Amino acid sequence: MLIRNATLPDGDQRDVRVRGESIAEVGRDLDATDQHVIEATGKRLFPGMVDAHVHFRQPGYPHKETWETGSRAAAAGGVTTVVDQPNTDPPTIDGEAFDQKADFAADSVVDWGINGGVTADWIPNVLLRRRLFALGEVFLADSTGDMGIEADLFADALEAAADNDVPVTVHAEDADYFNDDAKARDDADAWSAFRTAKAEAKAVERACAVAQEHDTTIHIAHTSTPEGVDIASEAGMTTEVTPHHLLLSRRDLSELGTFGRMNPPLRREKRRQKLYERVVDGTVDMIATDHAPHTREEKDASIWDAPSGVPGVETVLPLLLAEARDPDSALTYERVRDLTARNPADVFGLPQKGAIEAGTDADLVLVDTTETTEITGERLHSKCDWTPFEGRDAVFPEWTMVRGTVVYERGEALDADDATPQEDVFYDHQGENVRGADSERLE
Numbered sequence: 227m228l229i230r231n232a233t234l235p236d237g238d239q240r241d242v243r244v245r246g247e248s249i250a251e252v253g254r255d256l257d258a259t260d261q262h263v264i265e266a267t268g269k270r271l272f273p274g275m276v277d278a279h280v281h282f283r284q285p286g287y288p289h290k291e292t293w294e295t296g297s298r299a300a301a302a303g304g305v306t307t308v309v310d311q312p313n314t315d316p317p318t319i320d321g322e323a324f325d326q327k328a329d330f331a332a333d334s335v336v337d338w339g340i341n342g343g344v345t346a347d348w349i350p351n352v353l354l355r356r357r358l359f360a361l362g363e364v365f366l367a368d369s370t371g372d373m374g375i376e377a378d379l380f381a382d383a384l385e386a387a388a389d390n391d392v393p394v395t396v397h398a399e400d401a402d403y404f405n406d407d408a409k410a411r412d413d414a415d416a417w418s419a420f421r422t423a424k425a426e427a428k429a430v431e432r433a434c435a436v437a438q439e440h441d442t443t444i445h446i447a448h449t450s451t452p453e454g455v456d457i458a459s460e461a462g463m464t465t466e467v468t469p470h471h472l473l474l475s476r477r478d479l480s481e482l483g484t485f486g487r488m489n490p491p492l493r494r495e496k497r498r499q500k501l502y503e504r505v506v507d508g509t510v511d512m513i514a515t516d517h518a519p520h521t522r523e524e525k526d527a528s529i530w531d532a533p534s535g536v537p538g539v540e541t542v543l544p545l546l547l548a549e550a551r552d553p554d555s556a557l558t559y560e561r562v563r564d565l566t567a568r569n570p571a572d573v574f575g576l577p578q579k580g581a582i583e584a585g586t587d588a589d590l591v592l593v594d595t596t597e598t599t600e601i602t603g604e605r606l607h608s609k610c611d612w613t614p615f616e617g618r619d620a621v622f623p624e625w626t627m628v629r630g631t632v633v634y635e636r637g638e639a640l641d642a643d644d645a646t647p648q649e650d651v652f653y654d655h656q657g658e659n660v661r662g663a664d665s666e667r668l669e
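Take 227 as the starting number for the sequence shown in the numbering used here and just add one per residue.
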């Protein structure tokens, strides 16, 4: 297959030849003899996104999401690798739970990784022999699944992970700095007032100090404050920022209501702007979604009863591309590439992912950045069928390819006067564990 005249994120126009599961050549005017040719003139080609933080809810909560629905949403948004977190039912804290989740992951149309969890009941000598993507998110305060742990167990987990050459990701909030006075309120902003920005900064500081004491590095998940980003960066640790913390703030809660509750919560607009600056300037390493779907019925509750989490795996790359196409935005297409593909592949040791280069996996996303589409929850593919980004402009993929196979093609409007879209098309494809057999750990 030859993709002709595609504009890469750096602005250069190239031909890309795909042979089998890999990119064979990248260059100008490649010979198209006997090739299936895709004409991409005027369109941009990106490496597929590596989303290092999703919650596909299976096993335990298939009414919220399954590996099939979640991975289809990922493919429709240009995400070609997803990493599932351990707070399912059962939690992924031993070999049996890992194996059960891996069986469900066989339904994924995109490639995947599975993180292992840390609780008082975890079985590290068995869990760490599985083909884990990473350990974490290790919860320093309770979130969905009540997996918060004490300091001594966190230190033990760091040592065990280092001994087994497994990365560690951390959910950094310190419950000692939660504001209990906020519990007297019932407005949508009360959750942000309760789980304070200081609670994150203090937890990041503590986690980084413990990591330095053990001569290891950690990755801070869903960093929501500029203070947290700066502390981690100065300590030599890596960070991710979610699309909701990047693009939404507490001023959006009057419209979102309890659908805007997540952990960590939305922050004040000034903090959001400073966080955005750190995403643009390179201080933040990657964007990851913390895709955490719940049903409308579950979210339609009081601020203290609604579950925390919002969906995002299908809209993250389209939203970032819409930001980059805006002439007034400081976010560039190259930076979007680095945040979504190159950097997560580098941080987590995936040399086959994250780049459009000869020899890498042919994980590719073709987009037309001259056109935007309004996001509507009813057209998205997550099982929860709602989004905190309803009505925002986005640049969705025309198609998404995983290891040389087109897994998704976007339907088009029937004509200019008919807004009813044709059906999106998903093709049969089985994603694989990105921690391949060559790195398999066995009991």
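We put the CB at the ideal spot given by N, CA and C, even for glycine. This structure is a prediction, so every number in the text was calculated from the model and none was measured.
Is residue i helix, strand or coil by DSSP?
| i | result |
| --- | --- |
| residue 298 | helix |
| residue 364 | strand |
| residue 330 | helix |
| residue 351 | helix |
| residue 499 | helix |
| residue 338 | strand |
| residue 370 | In this prediction, residue 370 has a pLDDT of 47, which is less than 50 and means its spatial position is unreliable; what the coordinates show is noted afterwards. In this structure, residue 370 counts as coil in the three-state DSSP scheme. |
| residue 515 | coil |
| residue 641 | Here residue 641 scores only 46 on pLDDT, less than 50, and its place in the model should not be relied on; the value that follows carries that caveat. Three-state DSSP puts residue 641 in a strand. |
| residue 471 | helix |
| residue 306 | strand |
| residue 559 | helix |
| residue 430 | helix |
| residue 254 | coil |
| residue 571 | helix |
| residue 403 | helix |
| residue 285 | coil |
| residue 537 | coil |
| residue 649 | coil |
| residue 631 | strand |
| residue 243 | strand |
| residue 450 | coil |
| residue 180 | Lying before the first or after the last residue shown, residue 180 is absent from the chain, which here runs from 227 to 669. |
With a threshold of 16 other CB atoms inside 10 Å of the CB of residue i, please say whether the residue is buried or exposed.
| i | result |
| --- | --- |
| residue 596 | exposed |
| residue 237 | exposed |
| residue 577 | exposed |
| residue 579 | buried |
| residue 262 | exposed |
| residue 253 | exposed |
| residue 258 | exposed |
| residue 346 | exposed |
| residue 475 | buried |
| residue 569 | buried |
| residue 337 | buried |
| residue 444 | buried |
| residue 623 | buried |
| residue 409 | exposed |
| residue 555 | exposed |
| residue 651 | exposed |
With distances taken from CA atoms, which of the options is nearest residue i?
| i | options | result |
| --- | --- | --- |
| residue 551 | 621, 480, 425 and 363 | 621 |
| residue 544 | 426, 391, 469 and 394 | 469 |
| residue 333 | 660, 654, 661 and 461 | 654 |
| residue 364 | 398, 494, 569 and 555 | 398 |
| residue 354 | 383, 235, 444 and 308 | 383 |
| residue 533 | 575, 439, 495 and 287 | 287 |
| residue 500 | 461, 340, 490 and 453 | 453 |
| residue 323 | 340, 442 and 404 | 340 |
| residue 426 | 497, 394, 574 and 240 | 497 |
| residue 404 | 294, 228, 489 and 658 | 489 |
| residue 583 | 264, 272, 268 and 267 | 272 |
| residue 440 | 394, 649 and 609 | 394 |
| residue 540 | 315, 636 and 314 | 636 |
| residue 391 | 358, 600 and 507 | 358 |
| residue 625 | 593, 542 and 319 | 593 |
field: the segment 298 to 306 / the segment 317 to 330 touching (three or more Cβ pairs under 8 Å)
entry: no
- prompt: Between the segment 625 to 636 and the segment 240 to 248, do three or more beta carbon pairs fall short of 8 Å?
  reply: yes
- prompt: Between the segment 443 to 458 and the segment 525 to 536, do three or more beta carbon pairs fall short of 8 Å?
  reply: no
message: Closer than 8 Å is the cut-off here; do at least three beta carbon pairs connect the segment 578 to 589 with the segment 512 to 526?
response: no
field: 3 or more residues per run - each beta strand (DSSP E) lying fully within the segment 584 to 625
entry: 590 to 593
message: Measuring CB atoms only, is the segment 494 to 514 touching the segment 437 to 455, in the sense that at least three cross pairs come out at less than 8 Å?
response: yes
message: Whether or not the segment 404 to 421 and the segment 466 to 483 are in contact is what I'm after, with contact meaning three or more pairs of Cβ atoms, one per stretch, closer than 8 Å; do they touch?
response: yes
query: If we count Cβ pairs, one from each stretch, closer than 8 Å, do we get three or more for the segment 387 to 402 versus the segment 417 to 436?
result: yes
task: Evaluate contact between the segment 305 to 319 and the segment 265 to 284, counting only Cβ atoms and requiring at least three cross-stretch pairs below 8 Å.
output: yes
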